[in-house]
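*Asks:*
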Amino acid sequence: MKTLIIAEKPDMGRNIAAAIEPKAKNHRSYLEGEQYIITWAIGHLIGLAEPEAYDDRYKRWNINDLPIIPEEFKLVPNSRTLDQLKVIAELAKRSDLLVNSCDAGREGQHIFSLIQRHLRLSQPVKRLWISDLTPETIRKGFQELKDGTEYENLTKAAKARSEADWLIGMNGSRAFTTRHNVLLSVGRVQTPVLALIYDRQKTIEAFSSLKFFELEGHFTQNELAYKGMWQGERMTEQAKADALAAKVKGKPGRISSYEVKETKEYPNKLYDLTLLQREANGKFAFSAKKTLDIAQALYEKHKVISYPRTNSNYVNEQNIPEMHKTLSSLQGTSYDEWVKNASRNLVHKGNKFVCNPAKVEDHHAILPTPRKASGLSADEAKLYDLIVRRFLSQFYPAAEYKVHTVLTEVEGETFKTTVKELLSLGWKVIYGDQKKDKKPSKGRGKDEEEEEVEVNEPFAVSAQEAVLCTDAIVKEKDTQPPKAYTEGTLLKAMESAGKQIEDEELRDVMKDSGLGTPATRAATIERLKNVGYIEMQGKKIVITQKGRTAIELIRGAGVELLTSPEMTGQWERRLNEIARGTASDLQFMENVKRFASMIVDKVRRQSRAAKTSFEAETPPAKTRKSGGASRSAASQPAARTRKPEGQAAPRTRKPADEAQEGGPKIVGQCPRPGCGGMIFMGRKGYGCSHYKEGCKFVIWKENHGRMLTDAQVKAIIEKGKTGKLKFTGEDGAVQEGKLVLADPDTGQLTVE
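Take the sequence shown: its position 478, counted from the start at 1, is 477 in numbering that gives the first Met the number 0, and no numbers get skipped.
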């Protein structure tokens with residue numbers, strides 16, 4: 000009997016085989032060597048069953064059938080990856096030991112656990128827990144395999160997360176959808192995130208701008224010239240500002256106070272996933288999902304960074320030698336000059352800014368590996384560069400400054416000057432070729448920012464000598480509303496459950512009670528886009544009319560807790576406690592079940608919303624305001640709606656965005672098993688006549704870059720595939736292939 004290794008994805012499985020069974024024979028869906036058989040999942044092979052698996056009456060969405068609370072959740076294989084699941088089942092029969100080599104985190108644990116439960120695998124389990132995919136790390140990980148029982152609490156937390164999302168998503172979505180006759184996706188995490196966006200948008204819209212005036216004094220002392228801002232109550236009358244300017248202009252003054260303080264700025268913390276996503280969004284306008292996908296490729300495909308789905312900014316003591324090794328490996332690369340000037344003795348076990356085991360749980364901060372990067376795409380190179388520079392900065396000393404604070408008095412009026420004099424660039428030399436990010440002063444709004452000037456040359460005033468106010472300039476300003484969320488700032492808000500926390504240490508503490516996890520936040524934002532609740536205007540996130548109405552209905556029903564970032568953050572904290580063994584998964588699930596029942600009871604008593612409340616009046620293109628929804632939320636194709644928090648929702652409107660005028664054109668019979676409906680052509684696609692009974696089948700006319708014809712759709716629903724078609728890839732290359740019906744339940748197509 001051999002040991003069966005189950006990785007999360009094929010790339011990972013092949014990396015493991017190359018490290019521990021280099022002569023393993025490739026059987027396409029698995030590799031087999033003398034001691035090990037290595038195979039893989041392809042993401043989630045198993046999922047939680049739809050409600051109709053418990054009772055046929057749940058095929059129709061009816062509020063009177065709610066809440067749906069299974070005593071025991073049923074598992075079903077993913078129809079698209081059924082073959083791979085069968086491979087694992089057959090291989091397991093030839094194995095007396097299993098190694099869980101899925102991603103070292105809650106979701107990876109869940110993927111393996113679902114396979115184990117569904118296939119009823121009874122073999123003992125070992126756990127591979129590693130943070131990068133270099134051969135050395137893989138081999139070391141196999142030498143230090145943990146017993147699978149050590150991760151039972153993590154499995155409980157993963158199971159509780161999955162089932163809680165099912166209960167809230169399924170019952171909430173069905174309740175609100177059937178009550179208001181519009182597809183409304185509700186979820187344990189997505190709804191409070193939408194509420195954050197809604198509340199920010201309402202604040203922006205309610206904001207009333209106030210005009211105010213600032214007075215800037217220009218001073219000279221001998222050869223020195225400097226500026227200062229008038230200190231006093233905010234001036235809202237220009238006449239007062241003009242009078243003050245006239246009062247001090249050309250008049251002598253004195254230095255009433257002069258303080259000099261030396262300060263140090265230490266390197267920024269190493270990246271966790273959320274911080275990396277925020278910075279990539281700010282610098283490159285990458286979406287959270289794009290950053291995660293690129294980071295995953297750098298980890299799995301190129302093996303040049305450590306495991307990216309981490310929530311830690313620190314490393315363990317055993318990572319320190321590895322960091323030194325990576326520094327050496329960067330010699331001779333484009334980072335060579337910075338490597339030569341790096342100080343190795345700054346990265347050591349006693350440096351708590353870098354090495355803090357108490358703040359490392361599942362995974363350490365994202366680090367480059369000793370493997371040299373090659374063959375990276377332009378976007379991969381950008382993200383890799385961010386990670387390497389942040390890593391290198393830890394080997395450099397703090398930047399040192401003298402901060403000069405000068406109070407200048409003229410005619411009884413006080414002006415404040417703050418000058419930051421650079422003494423030593425330190426770690427900032429690594430960012431010398433990049434545009435400087437401007438940060439607002441702590442404790443002051445952006446309307447009242449002190450104009451701190453940073454200078455490279457020496458600065459000093461003489462406290463005893465007189466000064467002259469050579470000019471006084473009145474500046475007209477307006478108070479500004481809060482900025483609309485970008486994906487970067489929304490990720491920051493999700494990390495701290497919506498609390499505006501500037502203090503880094505306090506924000507670290509809040510990480511356990513954020514909205515979602517680093518691994519799921521990108522998917523949550525994408526889900527909000529796909530269900531038509533938000534849309535992007537450049538980098539800005541804008542809530543649609545459908546998104547607004549959804550939040551108003553949820554709060555109006557009296558289930559405000561469903562929109563509460565803090566409450567959902569506490570749920571996430573409880574899941575983390577379950578993973579540590581300090582909280583009960585059974586108690587958590589009882590609370591979730593009660594909450595799901597309460598949602599249904601409250602919605603059942605709610606008045607039905609008008610259909611028009613989901614539809615925005617679309618303004619003319621030329622006069623459309625940047626802050627509003629750019630198109631009708633109700634015009635979003637409902638079938639693009641992804642599963643609310645992990646579960647599917649039916650169409651509540653005609654599937655292809657309303658049938659064409661003159662009656663629908665029938666193309667053929669619905670291929671969904673047991674449906675019996677007919678497929679008709681709508682304006683944007685081909686949907687099922689049984690959509691009101693819950694059939695979600697739809698094929699969009701525009702699919703994989705092509706506009707489909709009736710004949711092609713007919714071939715798909717009758718034969719399961721088209722004839723050969725030509726497709727243009729992202730690189731512009733033309734390829735031939737067939738469109739294949741991958742999922743007869745939803746109409747999802749793939750290219751073969």
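Using N, Cα and C, we set each Cβ at its ideal position, and we do this for glycine too.
Owing to the predicted nature of the structure, the values given are computational and were not obtained by experimental measurement.
If you drop the 5 nearest sequence neighbours on each side, which residues of the same chain put their C-beta closer than 6 Å to that of ILE553?
*Replies:* Here the set comprises LEU561 and THR562.
*Asks:* Have a look at CYS468 and ALA240 and give me their C-alpha separation to the nearest angstrom.
*Replies:* In a straight line, the C-alpha of CYS468 is about 16 Å away from that of ALA240.
*Asks:* By the DSSP assignment, the beta strand (DSSP E) with ASP470 in it spans what residues?
*Replies:* From DSSP, the beta strand (DSSP E) with ASP470 extends over 466-477.
*Asks:* Compute the beta-carbon to beta-carbon distance between VAL542 and GLN200, rounded to the nearest angstrom, for a pair I have assumed lies under 8 Å.
*Replies:* According to the sequence shown, residue 542 is Ile rather than Val. Contact holds; Cβ gap of about 5 Å.
*Asks:* Would you say the beta carbon of SER184 comes nearer than 8 Å to a heavy atom of the ligand FAD?
*Replies:* This structure does not include the ligand FAD; it has no bound ligands of any sort.
*Asks:* So for ILE4, helix, strand or coil by DSSP?
*Replies:* In this structure, ILE4 counts as strand in the three-state DSSP scheme.
*Asks:* Spell out the partners DSSP gives TYR225 in its beta bridges.
*Replies:* Beta-bridge pairing links TYR225 to PHE218.
*Asks:* Enumerated in chain order, which unbroken segments of the beta strand (DSSP E) with a length of 3 residues or greater are wholly contained in the stretch 673-745?
*Replies:* For the stretch 673-745, whole beta strand (DSSP E) runs of length 3 or above, ordered along the chain, are 677-680, 684-687, 697-699, 724-727, 733-736 and 738-742.
*Asks:* May I have the straight-line CA-CA distance separating LYS415 from LEU214, to the nearest angstrom?
*Replies:* Cα to Cα, the separation comes out at about 11 Å.
*Asks:* Please report the residue range of the beta strand (DSSP E) in which PHE414 lies.
*Replies:* Start and end: 412-423.
*Asks:* How is ASP426 classed by DSSP in three states: helix, strand or coil?
*Replies:* For the sequence presented, residue 426 should be read as Trp rather than Asp. Note: TRP426 maps to helix in three-state DSSP.
*Asks:* Flag this pair as yes or no: are the beta carbons of ALA157 and PHE587 separated by less than 9 Å?
*Replies:* Not a contact, by the Cβ cut-off of 9 Å.
*Asks:* Could you tell me the alpha carbon to alpha carbon distance between GLY662 and GLY580, rounded to whole angstroms?
*Replies:* Reliability of the predicted coordinates at GLY662 is poor, the pLDDT of 43 falling under 50, and the value obtained from them is presented with this limitation in mind. The straight-line gap from Cα to Cα measures roughly 60 Å.
*Asks:* Below 8 Å on the Cβ atoms is my guess for LYS434 versus GLU420; work out the distance and round it to an integer in Å.
*Replies:* Contact doesn't hold; Cβ gap of about 21 Å is too wide.
*Asks:* If ILE68 and ALA609 are in contact, beta carbons under 8 Å, what's the gap, nearest whole angstrom?
*Replies:* Going by Cβ atoms, the distance from ILE68 to ALA609 rounds to 31 Å, so no, they are not a contact pair.
*Asks:* Within 10 Å of its beta-carbon, does ASP164 have 16 or more other beta-carbons around it, so buried, or fewer, so exposed?
*Replies:* Buried, since its Cβ has 16 or more Cβ neighbours within 10 Å.
*Asks:* So, at 6 Å on beta carbons, what are the nonlocal neighbours of LEU183 in its own chain, with the 5 sequence-adjacent residues on each side left out?
*Replies:* Excluding sequence neighbours, LEU183 sits near PHE175, THR176 and ALA549.
*Asks:* Look up PHE211 in the DSSP assignment and give the residues it is bridged to.
*Replies:* According to DSSP, PHE211 bridges with LYS476.
*Asks:* Return the CA-CA distance between LYS653 and ASN180, expressed in angstroms with no decimal places.
*Replies:* Any reading at LYS653 must be qualified, since the residue scores a pLDDT of 39, below 50, and its modelled position is unreliable; the value itself is stated next. Going by the C-alpha atoms only, they are around 12 Å apart.
*Asks:* Checking the sheet assignment: what are the DSSP bridge partners for MET234?
*Replies:* Its beta-bridge partners are PHE212.
*Asks:* Cα separation between GLU316 and LYS348?
*Replies:* So the alpha carbons of these two residues sit roughly 6 Å apart.
*Asks:* Using the rule of at least 16 other Cβ atoms within 10 Å of the residue's Cβ for burial, across every protein chain shown, is MET493 buried or exposed?
*Replies:* Per the 10 Å Cβ criterion, buried.
*Asks:* With a floor of 4 residues, list each alpha helix (DSSP H) that falls wholly inside the stretch 127-160, ordered by position along the chain.
*Replies:* 134-142, all fully within the stretch 127-160.
*Asks:* For GLU143, is the classification buried or exposed, using 16 other Cβ atoms within 10 angstroms of its Cβ as the cut-off for buried?
*Replies:* Flag for GLU143 reads exposed.
*Asks:* When the Cα atoms are used, what is the spatial distance from ASN340 to GLN330?
*Replies:* Near 11 Å, if we compare the C-alpha coordinates of GLN330 and ASN340.
*Asks:* For the alpha helix (DSSP H) holding HIS403, just list the boundary residues, first then last.
*Replies:* It is not in any alpha helix (DSSP H) - HIS403 instead sits in the beta strand (DSSP E) that spans 398-409.
*Asks:* If you run the structure through DSSP and keep just helix, strand and coil, what is ALA17?
*Replies:* If DSSP states are grouped into helix, strand and coil, ALA17 belongs with the helices.
*Asks:* Using DSSP's beta-bridge definition, name the partner residues of ILE36.
*Replies:* LEU3 and GLU31.
*Asks:* Beta-carbon within less than 6 Å of PRO743's beta-carbon, same chain only, minus the 5 sequence neighbours each way: which residues are those?
*Replies:* Answer for PRO743: PRO670 and ARG671, listed in chain order.
*Asks:* Pull up the distance between the alpha-carbon of PHE613 and that of LYS695, whole angstroms please.
*Replies:* Each residue's Cα considered, the two are about 21 Å apart.
*Asks:* Is GLY686 close to chain C? Criterion is C-beta to C-beta, closer than 9 Å.
*Replies:* No chain C appears in this structure, which consists of one protein chain only.
*Asks:* Do you know how far the Cα of TYR395 is from the Cα of SER305?
*Replies:* Roughly 22 Å separates the two Cα atoms.
*Asks:* To which residues of the same chain is GLY746 closer than 6 Å at the C-beta, ignoring the five residues directly before and after it?
*Replies:* Contacts found: PHE696, VAL697 and ILE698.
*Asks:* Quick check on GLY12: does DSSP put it in helix, strand or coil?
*Replies:* Looking at GLY12 - three-state DSSP - the assignment turns out to be helix.
*Asks:* Going by the CB atoms, is the gap between PRO134 and ALA17 shorter than 9 Å?
*Replies:* It is a contact, given that the beta carbons lie within the stated cut-off.
*Asks:* Which one or two residues does DSSP pair with ARG253 in a beta bridge?
*Replies:* ARG253 is bridged to GLU408.
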